[in-house]
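Residue numbers (the numbering used here): 9 to 843. Here a beta-carbon is modelled for each residue, glycine too, at the ideal position from N, C-alpha and C. So the structure is just underneath, and the comments pick up after that.
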Amino acid sequence: MLLNKLIKHPFISWLILVAFLYFAYAYLETPFHGILDFRGSQLPNAFSSIAGFMNLSDYLLQRIAFLLVGVSFLYFSVLSTKRYPGVPGRKRYLLVPASLFSVLAIGLGIIYVEKFQTRLKNRIGYRETFVKCHEYPKARVLAHDITYRPGEDKFSATSRMKIQNRKKATMEQLLLFLNPGLKINKLESDGQSLPFHRDHQVIVVEHPLAPGENTELKIEYEGMIDEDIYQVNIDNDAFFSPRTESGGENYGKRTAFVSNQYTLLVPQLMWYPMAVAPVELQASRETDFTDYTLRVKKPGEMTVISQGVPTREGDEVSFSNLQYLTGLTLCIGKYEKRAITVDSLTVEFYTYPGNDFYLSYFDEWEALKKDNPNREKKLMEIVNQCKNKIEEGKPNPYPFNYFKLIEVPSSFYFLSSTSFSDNIQPEIALFQERLYWVENTHPGTYSKFANQDRSVQEFMLSYKIPFLLDRMNMGHIFSDYNSSITSDRYQGIDLIFDKMKSLKELRDEVSPKILNRIAEKGLKGVMAEGYSKEQSIAIHLKVSHLLGYLTTITTWDSLSRFMLDFNARTRFREVDFDLFIEEFEQRFGQDIKPYMDEWYVSHQIPLLTIKDISYKTTEETQIIDFKVGNFSETDGIVSIVTPGEGRIGGSAIRYCRSYVIKPGECKRIIVHEGIEYSLQLTTNFSGNLPKDISFDNEDSSLSGPVPKEGVNLIEKSQFYPPGEIIVDNEDENFHLIDSSNNRKRLVDLVKKAEGKQEYVPLFRIKANAWSLSLSQGLFGERIRSAFIKKSGTGKFKAEWTANLPKAGMYEIFIHRPHLIVYGESKIVINCLFYL
């Protein structure tokens, strides 16, 4: 209306309005945290059956601001309206409310934006504080007794801590970490107050501690939880960006809940004092195993959930832990509980009323009816079935006596990566309400998967429940909280050792960028960086190389038994990696420390060439025959492995055989393995792309005698027959010709695409441009790649040139792979690639 009055031309007014709508949809959703978005598309718009509306104050601020803007525009439009002649009007007085509503709207917008700016400044300050104290030695908490007293949106607590200095030098001050929203009322030792000062989340206690010395502290604190302290290593834009699901719903983003209706606190919020911060800006994390006792005062009729054995006496619920833990989680709400104990494991399932509808299939199952005499036996069978499926392929059995599945609000936000997942805590798995995050199929439709051979309950037990547990990142509970390996020499050894215990198949792309990063910094330099996907891939590559080396010393089965035994003996405590090296030498008679030192700091990348691969099978044996040459200046390792299967959290790779290829060596290797498992040939950490070659046993039956298993040195002339000239697409003598008849070399294309993905998946190739792709079915000495495009008009061409040493007749061969790719559509690649 106001626009019509100002422009006075309907068509132009509507044109401006359409342009504004496009601009708003395209560009105004995210600036200033969505204050300019009149639709409020980035605001949480869902109601939680557990915690109610999320971020209601932010929602109301933004919506009321736009309401006031609309009202002010109405007043301004009236001001510009012409009155009938001779009719008195007081339009000028409308300027006051119009201006007032505009000022109020702007004020609310400023408050909205300033609120986020303050939170951003706080997170930056918290991160800087962590950086300042990163190198300072940390003590360890041997025992921690916490008394928690709930309030409205606050709580108060008392911590009694027994602290020890395990370092080799005296600590002049004690560092403790506590949520910055919590105020310390008292800090004392042996009844005497101790001087201290705070820098955000860091408490600096003026209390020296000699090596091996213990001290006891009593700390009283209270206040509100500052959620912005959560994982300050997350990029700020990612932390503050709304979390919108594919269906358009925005459930909000909360990292903690404290109210008289519902409470959820995880260790990453530092809701109690701790000596080791639960967040690391580098991959040199420390772990503190502590004997916790938790007491919750006056919870009323609420259900209190935490780790350990619960005991309720009067108005107090206490939890005593059976193992030393890395942290405590506290959850208080109106939960309904299902529980069963089988052997030494107690499984508990907590949901809000009405939210466990997906379990109705089991409630209706005749085998689990209360009047069924075999009910308990069937329940034990179900639990053991699930337990066996979960533990399958893991480096150790389930390490705790309790497993508690707890439903939490849909807005609960947690950081998850290949190295850790914050929704998985010791003994506890947190899943968002009604399984919305982990399940896309409505549970009411599960019955359609039943058939004559399998009931819907059996379908859920054999497939659906393991699938859901996998989506909850259940695999982390086996590795993240039951051991800690430390080393002054190998920074980040804890992450490295976790992968050594259970190295899974690498499903992420290994790019030249990652290899160059290792060549530039070595593993030592990579470990000094912040957590990232690229870092995880680099660790995986180096660990695969290390495991390959260890399996040249002993068999994989012997190494696995040693690792399993070492893990069992070092559970729930910190252990120096030197102990692993010492025990390895005692068991296998070889000191691996010199190799580890070189492996950790080396910048060199093995360059291996694999040729003449043959894969054949008999009724009982798989036979792999290949030649491998190492034309780099460092040792390379090739391995025959059994890839992991798609179980809970992924299954570990099994190394069958490994072979060291010294610089300048060429070898012919023939391997015999059993027929029961699929096999891969891997170059581990190397400059080879792709690094793995899989084998398909279709049409691979052996005809003729079985070649003898063994390893033989061969001459380079056998590896590269004389007179053979190869031109590959990775060579300088290869050119692409575009539709304009311009020639381009590989190096030109790579420079042009710098900063982008260098290799394109086969299912994403285009018709109007060449795409550089990787596949084991393609040709290449170290890089099996090809330039590919969909068939078109024939204007795009490729050209190979070779310098022929003398005149004469030459026989020409081409490599013509047949690849079938399934992606957005089925693509059959069956064309000429190289000479």
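With DSSP collapsed to three states, give me the class of residue i.
i      : result
Val266 : strand
Phe411 : strand
Pro510 : According to the sequence as given, residue 510 is Ser; it is not Pro. It is coil, neither helix nor strand.
Glu122 : helix
Asp502 : helix
Tyr539 : coil
Leu567 : helix
Leu225 : strand
Val274 : coil
Trp22  : helix
Ala527 : helix
Glu762 : In this predicted model, Glu762 has a pLDDT of only 46, less than 50, meaning its place in the structure is not dependable; the value taken from the coordinates is given anyway. Correct three-state label for Glu762: coil.
Met817 : coil
Phe703 : coil
Arg790 : coil
Pro188 : coil
Val636 : strand
Thr155 : strand
Tyr101 : helix
Pro825 : coil
Glu732 : coil
Along the chain, where does the beta strand (DSSP E) containing residue i start, and where does it finish?
i      : result
Ile493 : 492 to 494
Gln726 : Unbroken run through Gln726 is the alpha helix (DSSP H), 724 to 727; no beta strand (DSSP E).
Lys624 : 616 to 625
Checking 8 Å against the spacing of the C-beta atoms, do residue i and residue j come in under that value?
i      : j      : result
Ser647 : Arg665 : yes
Asp605 : Ser495 : no
Ile632 : Val679 : yes
Ala106 : Leu87  : yes
Asn268 : Glu384 : no
Leu186 : Gln209 : yes
Tyr259 : Ile154 : no
Asn638 : Gly672 : yes
Asn241 : Arg131 : no
Leu531 : Lys507 : no
Pro403 : Leu572 : yes
Lys348 : Val416 : Inspection of the sequence shows that residue 348 is occupied by Ile rather than by Lys. Cβ atoms of Ile348 and Val416: not closer than 8 Å.
So residue i is in the alpha helix (DSSP H); what residue range does that whole segment cover?
i      : result
Glu344 : Glu344 -> not in any alpha helix (DSSP H); beta strand (DSSP E) instead, spanning 344 to 350.
Gln440 : Careful: Gln440 lies outside any alpha helix (DSSP H), inside the beta strand (DSSP E) at 436 to 440.
Cys7   : As displayed, the chain neither begins before 9 nor continues past 843, which places residue 7 out of reach and without an answer.
Gln465 : 464 to 467
Lys6   : Residue coverage of the chain in this structure runs from 9 to 843, which leaves residue 6 outside it and unanswerable.
Ile72  : 64 to 87
Leu476 : 473 to 479
Asp245 : 244 to 248
Name the DSSP bridge partner or partners of residue i?
i      : result
Thr650 : Arg662
Arg206 : Ile211
Gly682 : Thr629
Phe327 : Leu302, Pro318
Asp379 : Asp379 pairs with nothing; no bridge assigned.
Met179 : Leu217
Tyr360 : In DSSP, Tyr360 forms no bridge with anything.
Thr166 : Thr155, Glu228
Gln172 : Arg148, Asn222
Gln200 : Ser197
Lys675 : Val636, Leu721
Ala806 : Leu744
Following a CB-centred definition, is residue i positioned closer than 7 Å to any heavy atom of the ligand FAD?
i      : result
Leu587 : No copy of the ligand FAD occurs in the structure displayed, which carries no ligand at all.
Review point. Taking contact to mean at least 3 C-beta pairs separated by less than 8 Å, is the stretch 463 to 472 in contact with the stretch 501 to 512?
Key: no
**Study point:** Inter-stretch contact at 8 Å, needing at least 3 Cβ pairs: the stretch 36 to 54 / the stretch 118 to 125
**Key:** yes
Review point. Is there contact here, the stretch 169 to 181 with the stretch 137 to 153, by at least three beta-carbon pairs under 8 Å?
Key: yes
Review point. Do the stretch 178 to 198 and the stretch 334 to 341 meet, that is, are 3 or more Cβ pairs less than 8 Å apart?
Key: no
Point to revise | Stretch-stretch touch, CB-based, cutoff 8 Å, three pairs: the stretch 679 to 697 with the stretch 547 to 559 | key: yes
Check your understanding: Does the stretch 193 to 207 come close enough to the stretch 293 to 305 that 3 or more CB-CB pairs lie under 8 Å?
Key -> no
Review point. Okay, do the stretch 791 to 800 and the stretch 729 to 743 touch, 3+ Cβ pairs below 8 Å being the bar?
Key: yes
Check your understanding: Given 8 Å as the limit, is there contact between the stretch 804 to 817 and the stretch 725 to 735, that is, 3 or more CB pairs closer than that?
Key -> yes
Exercise for review: Flag this pair as touching only if the stretch 472 to 492 and the stretch 416 to 436 have three or more C-beta atom pairs under 8 Å; answer yes or no.
Suggested key: yes
Check your understanding: Is the number of C-beta pairs between the stretch 612 to 627 and the stretch 708 to 715 that are closer than 8 Å three or more?
Key -> yes
Practice item. Decide if the stretch 516 to 529 is in contact with the stretch 594 to 605; the criterion is three or more beta carbon pairs, one per stretch, under 8 Å apart. Key: no
Check your understanding: Can you find at least 3 beta carbon pairs, one from the stretch 528 to 543 and one from the stretch 498 to 505, that sit closer than 8 Å?
Key -> yes
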